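Going by full-length UniProt numbering, the first residue of the sequence shown is number 1, and it counts up by one from there.
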Amino acid sequence: MLHLEGRGDFEVYSKCGGCGATNPAFRCENQSCYGPGLFCQECIVRRHQVLPTHWIQEWTGDFFKRVGLSSLGLVVQLGHTPGSACTTMRRGRYKFTLIDVNGLHNVAVQFCECDSRITHRQQLMRVCWWPATARDPSTCATFNVIRLFQNMNCLGKISSYHFLRSLELLTNADGLNPTPNRRRAFIHIVRQHRMMEAMKRAGRGHCDSGVGGTAQGELALLCRGCPQPGKNLPDGWDKIDWKNMPEDLSYKYALFLAQDCNFRLINRNVSSEARDPIIDDGLGYFCNRIGYKAWIREHVDEEEISTCSGFQAMFLANAKRAKGLRATGVGGVTCARHNMWRANGIGDLQNGERYSNMDWIFFSAVLNTIILWIILSYDIACQYSKNFWKRMGSMPEGMKLAEIIAVWFKVPNFHMLGHKWPCHSPFSFHWMWGAGMTDGEDVEQNWEFTNGAAGSTKMMGPGGRHAETAQHQLPLFGDIKESQSELRLLAVVFCTVLGAVTSVTLDRYTIKEMDQRPRHSTGIVIQPGEPMTAQNKSEET
Numbered sequence: 001m002l003h004l005e006g007r008g009d010f011e012v013y014s015k016c017g018g019c020g021a022t023n024p025a026f027r028c029e030n031q032s033c034y035g036p037g038l039f040c041q042e043c044i045v046r047r048h049q050v051l052p053t054h055w056i057q058e059w060t061g062d063f064f065k066r067v068g069l070s071s072l073g074l075v076v077q078l079g080h081t082p083g084s085a086c087t088t089m090r091r092g093r094y095k096f097t098l099i100d101v102n103g104l105h106n107v108a109v110q111f112c113e114c115d116s117r118i119t120h121r122q123q124l125m126r127v128c129w130w131p132a133t134a135r136d137p138s139t140c141a142t143f144n145v146i147r148l149f150q151n152m153n154c155l156g157k158i159s160s161y162h163f164l165r166s167l168e169l170l171t172n173a174d175g176l177n178p179t180p181n182r183r184r185a186f187i188h189i190v191r192q193h194r195m196m197e198a199m200k201r202a203g204r205g206h207c208d209s210g211v212g213g214t215a216q217g218e219l220a221l222l223c224r225g226c227p228q229p230g231k232n233l234p235d236g237w238d239k240i241d242w243k244n245m246p247e248d249l250s251y252k253y254a255l256f257l258a259q260d261c262n263f264r265l266i267n268r269n270v271s272s273e274a275r276d277p278i279i280d281d282g283l284g285y286f287c288n289r290i291g292y293k294a295w296i297r298e299h300v301d302e303e304e305i306s307t308c309s310g311f312q313a314m315f316l317a318n319a320k321r322a323k324g325l326r327a328t329g330v331g332g333v334t335c336a337r338h339n340m341w342r343a344n345g346i347g348d349l350q351n352g353e354r355y356s357n358m359d360w361i362f363f364s365a366v367l368n369t370i371i372l373w374i375i376l377s378y379d380i381a382c383q384y385s386k387n388f389w390k391r392m393g394s395m396p397e398g399m400k401l402a403e404i405i406a407v408w409f410k411v412p413n414f415h416m417l418g419h420k421w422p423c424h425s426p427f428s429f430h431w432m433w434g435a436g437m438t439d440g441e442d443v444e445q446n447w448e449f450t451n452g453a454a455g456s457t458k459m460m461g462p463g464g465r466h467a468e469t470a471q472h473q474l475p476l477f478g479d480i481k482e483s484q485s486e487l488r489l490l491a492v493v494f495c496t497v498l499g500a501v502t503s504v505t506l507d508r509y510t511i512k513e514m515d516q517r518p519r520h521s522t523g524i525v526i527q528p529g530e531p532m533t534a535q536n537k538s539e540e541t
């Protein structure tokens, strides 16, 4: 280490590693760049024309001092290949700030004016620099540092403040030369990048209607394992003779969902939608805020959902935390088999867990869903199922379920132990035809990835909180873990099928006996393969 602090072997490094000039005084701080050799000023600048964010060390006679490439004369020419100059160039800002993985840099840039149709923003984007503003930008972040923050933010729960603070310390740890404050600009860059990345992933760049034509929930990633008409269901599936279909095949046409609330994701009443707007309202995982707020205003005086379980003390404790909060938590709907959040399946809670909130979130999550059977897992399903169809009748017309859809209500296996005995048989997954080994607890596992962000999101404005909360769902199914999640899903499916094939012979006789017994439901007897009609929907427990 001491050897690296000095000039090293003087006889070896007494000449420039590029042109051979004597008394070289510069080297790159990144030793893997061109090795530990020394270079003259002209050679070190020429070798870093495409590496403007490398730190350079200058030998002063006693020690190496860090200097920036812009102070040595490096000017980045945009709009042309490296090494070429623009004849109609426009000199950019010498105090142009570039944020990279190794710190904050002052970079001198020259914009190309050969083609006026290519804006300065586009020139910056084409060298993988994301500008903080569209007009006359003076701050950029490299794509590498944005990707690094996305991963650390999602998996390590590192806030933008602490991430940028670490970059400031990498730039100047002693604080003698303070770095420019670019925290607000960096937050803007990250939010813009997340929005544009979601739009690109949804294919909006190839649509004639562009970003403005994005439909509700279109930016959310769909679960590939759940039944999706027009995607993974056979043609004519809705015309199948369900009464004569084997029961071991009809499970493919059932949608298993899990619903739950998280009271750790609170949000204090700071900022406002005017100062911090939600730029992707209803386009991703959160339900549309305009319709949701209008619906909640009509049910301001509604009380929380009562429960027969032993968790009543928890519900009362959560209800007392509403003072000074914009949101006391969030409610969400996920598929109960694959841990995938539903599009428009997340919404803020204003005062505990109420029917009006959970109804809107559920119907938003299944909006435009055309499937025959929905199995809903909810820890208080015994109470939520009461008057469910009556409450649906008061919903806006576009939010109602199709007439052919039948809904089963079940309680997750772990939560079942806290319920009274009369709930165990009709609401248990173990006694339901077609449920298999579904436990309904997947939504609880999903909250693990969001709870780590609760400390930073509780003081955010509405727009920042929605974007941050949705981003923290991505380790489950998003871009940074999508391929790995698919491989794990395939491995789980393979092991599950292998175990099922092994035990099918032993369990067939037992299951046959169970099928001959009377089935229990929430007051409505439904035979396998028989869609619930409007007549039996009106029967309430």
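Ideal placement from N, C-alpha and C gives every residue a C-beta, glycine not left out. Small disclaimer: the values here were computed from a predicted structure and weren't measured.
Legend entry - Residue from Arg66, Gly17 and Asp62 with nearest C-alpha to Arg46: Nearest option by C-alpha distance: Gly17.
Inset, instruction - Give, in chain order, every unbroken run of the beta strand (DSSP E) that is at least 3 residues long and sits entirely within the stretch 203 to 269. - result: 254 to 262
Inset, instruction - Return yes when the Cβ of Val366 is within less than 8 angstroms of the Cβ of Ile375, no when it is not. - result: no
Inset, instruction - Please say whether Pro180 and Thr81 have beta carbons closer to each other than 8 angstroms? - result: It is not a contact, given that the beta carbons lie outside the stated cut-off.
Legend entry - Whole-Å CB distance - Asn344 paired with Asn267, under 8 angstroms assumed: No, Asn344 and Asn267 are not in contact; Cβ-Cβ is about 19 angstroms, not under 8 angstroms.
Legend entry - Endpoints, the beta strand (DSSP E) within which Leu376 is located: Looking at the DSSP string, the run of the beta strand (DSSP E) that includes Leu376 is Trp373 to Tyr378.
Legend entry - Three-state secondary structure (DSSP) of Glu302: coil
Inset, instruction - Give the secondary structure of Glu58 by DSSP, where H, G and I count as helix, E and B as strand, and everything else as coil. - result: strand
Legend entry - Bridge partners - Asn15, DSSP secondary structure assignment: Per the sequence shown, residue 15 should be read as Lys rather than Asn. Looking at the DSSP assignment, Lys15 forms a beta bridge with Thr22.
Legend entry - Closest Cα partner of residue 584 within the set Lys157, Lys95, Asp115 and Leu4: Outside the shown range of the chain, which is 1 to 541, sits residue 584, and nothing can be said about it.
Inset, instruction - Please report how far the alpha carbon of Thr214 lies from the alpha carbon of Glu397, in whole angstroms. - result: Computed Cα separation, rounded: 22 angstroms.
Legend entry - Beta-bridge partners of Val107, as assigned by DSSP: Phe96
Legend entry - Cα-Cα separation between Ser521 and Thr438, rounded to whole angstroms: Here Ser521 scores only 48 on pLDDT, less than 50, and its place in the model should not be relied on; the value that follows carries that caveat. The alpha-carbon atoms of Ser521 and Thr438 are separated by roughly 17 angstroms.
Legend entry - Buried or exposed by the 16-neighbour rule on C-beta atoms within 10 Å, applied to Trp421: exposed
Inset, instruction - Over the uninterrupted beta strand (DSSP E) stretch that includes Asn344, give me the two end residues. - result: Trp341 to Leu349 is the extent of the beta strand (DSSP E) around Asn344.
Legend entry - Start-to-end residues for the alpha helix (DSSP H) that takes in Gln150: Phe143 to Leu155
Inset, instruction - Taking the CB atoms as reference points, tell me whether Asn23 and Gln471 lie closer together than 8 angstroms. - result: Cβ distance not < 8 angstroms, so Asn23 and Gln471 don't count as in contact.
Legend entry - Euclidean distance between Cα positions of Asn30 and Gln77: Asn30 and Gln77 have their alpha carbons spaced roughly 23 angstroms apart.
Inset, instruction - Indicate whether Gly464 and Asp281 have their beta-carbon atoms separated by less than 8 angstroms. - result: No Cβ-Cβ contact shorter than 8 angstroms links Gly464 with Asp281.
Legend entry - Local Cβ density within 10 Å of His206, reported as buried at 16 or more and exposed below that: His206 comes out exposed.
Inset, instruction - State the CB to CB distance for the pair Pro234 and Leu255, rounded to an integer number of angstroms; the pair is presumed to be in contact (CB under 8 angstroms). - result: Not quite, the Cβ-Cβ distance comes to about 16 angstroms (not below 8 angstroms), so this is no contact.
Inset, instruction - To the nearest angstrom, report how far apart Asp208 and Val67 are at their CA atoms. - result: Approximately 48 angstroms between the Cα atoms of the pair.
Legend entry - Where Gly499 falls: helix, strand or coil (DSSP): Gly499: helix per DSSP, three-state reduction.
Inset, instruction - Give the secondary structure of Trp130 by DSSP, where H, G and I count as helix, E and B as strand, and everything else as coil. - result: If DSSP states are grouped into helix, strand and coil, Trp130 belongs with the strands.
Legend entry - Cut-off 7 angstroms between Cβ atoms - residues of its own chain near Ala327, not counting five sequence neighbours on either side: Here the set comprises Ile266, Asn267, Asp348, Leu349 and Gln350.
Inset, instruction - Tell me where the alpha helix (DSSP H) around Gln122 begins and ends. - result: Gln122: member of the alpha helix (DSSP H) spanning His120 to Met125, first to last residue.
Legend entry - Sub-8 angstroms separation of Ala381 and Phe414 beta-carbons: Contact flag unset, no.
Inset, instruction - Please name the residue or residues paired with Gln77 in a DSSP beta bridge. - result: Gln110
Inset, instruction - Could you say if the stretch 184 to 199 and the stretch 128 to 138 meet the contact criterion of at least three C-beta pairs nearer than 8 angstroms? - result: yes
Inset, instruction - Could you give the DSSP three-state label for Val67: helix, strand or coil? - result: strand
Legend entry - Contact under 8 angstroms by Cβ, Leu221 with Glu168: no
Legend entry - Collapsed DSSP secondary structure at Trp421 in the structure displayed: helix
Inset, instruction - Have a look at Ile118, Trp360, Arg391 and Gln383 and flag the residue whose alpha-carbon is nearest the alpha-carbon of Ala294. - result: Trp360
Inset, instruction - Under 6 angstroms Cβ to Cβ from Met399, same chain only, skipping five residues before and after it: list those, please. - result: Phe363
Legend entry - Leu176 - DSSP class collapsed to helix/strand/coil: DSSP places Leu176 in coil when its eight states are reduced to three.
Legend entry - For Ala54, the nearest candidate out of Lys65, Asp100 and Cys86 (CA to CA): Ala is not the amino acid found at residue 54; the sequence shown has His there. Of the candidates Lys65, Asp100 and Cys86, the one whose C-alpha sits nearest the C-alpha of His54 is Asp100.
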